[in-house]
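The structure appears below as structure tokens.
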Amino acid sequence: MREPTYFILAALQDEPLHGYAIVKRAQDLSGGRVRLTTGTLYAALDRLTGEEMVRVAEEAVVNGRARRTYELTERGLSALREEAARMAAAARVVRDRSVRSTAATGRTVPA
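Written out as structure tokens, the structure is:
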């Protein structure tokens, strides 16, 4: 799973959000690394909707413009949790190896 997709799903984990709120939450959750453009966001939302990972929770007209609110589905939550577990396992490989290397050699590993 690509990082933008991960953070779009993570943004929707707690509550349904509209597009701009997803962009802001993804940016906040990623520490500013993920900065979604409108085109990237809606292409991803269309794909994720097709994959049944998100769905439109509500459609309304606000200031004459259509606004959709998206929510995470069970399938999306499951995919998000699986990806989080995969990334944690990958991080453990590096972290555990660094600890063993440091203990075996007595050297400190640069951060």
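Using the numbering used here, read the sequence shown as starting at 269 and increasing by one per residue. Where is the CB? At the ideal position from N, CA and C, for every residue including glycine.
* Quick one, which of Arg270, Arg323, Gly332 has its alpha-carbon nearest Arg343's? -> Along the sequence shown, read from residue 1 onward, the residue named residue 343 stands at position 75. Among Arg270, Arg323, Gly332, the Cα nearest to that of Arg343 is on Arg323.
* **Cα-Cα separation between Leu345 and Arg354, rounded to whole angstroms** => On the sequence shown, position 77 is the one that residue 345 refers to. On the sequence shown, position 86 is the one that residue 354 refers to. Taking the straight line joining both Cα atoms gives about 14 Å.
* Asked: Going by DSSP, which residues form a beta bridge with Tyr226?
  -> The question about residue 226 has no answer, for the chain in this structure spans 269 to 379.
* For Val330, write down the residues that DSSP places opposite it in a beta bridge. => Translated into the one-based positions of the sequence shown, residue 330 becomes position 62. Bridge partners of Val330: Arg333.
* Cβ-Cβ distance between Arg336 and His286 below 9 Å -> For this step, residue 336 is matched to residue 68 along the sequence shown. For this step, residue 286 is matched to residue 18 along the sequence shown. Their beta carbons are under 9 Å apart, which means Arg336 touches His286 by this criterion.
* Any chain C beta carbon closer than 9 Å to Ala352 -> Absent from the structure is chain C; it holds one protein chain and no more.
* To do: To the nearest angstrom, report how far apart Asp296 and Ala334 are at their CA atoms.
  => Taking the sequence shown and counting its residues from 1, one reaches residue 296 at position 28. Taking the sequence shown and counting its residues from 1, one reaches residue 334 at position 66. Those two C-alpha atoms are separated by around 25 Å.
* If you run the structure through DSSP and keep just helix, strand and coil, what is Thr308? -> By one-based count along the sequence shown, residue 308 stands at place 40. Here Thr308 sits in helix by DSSP.
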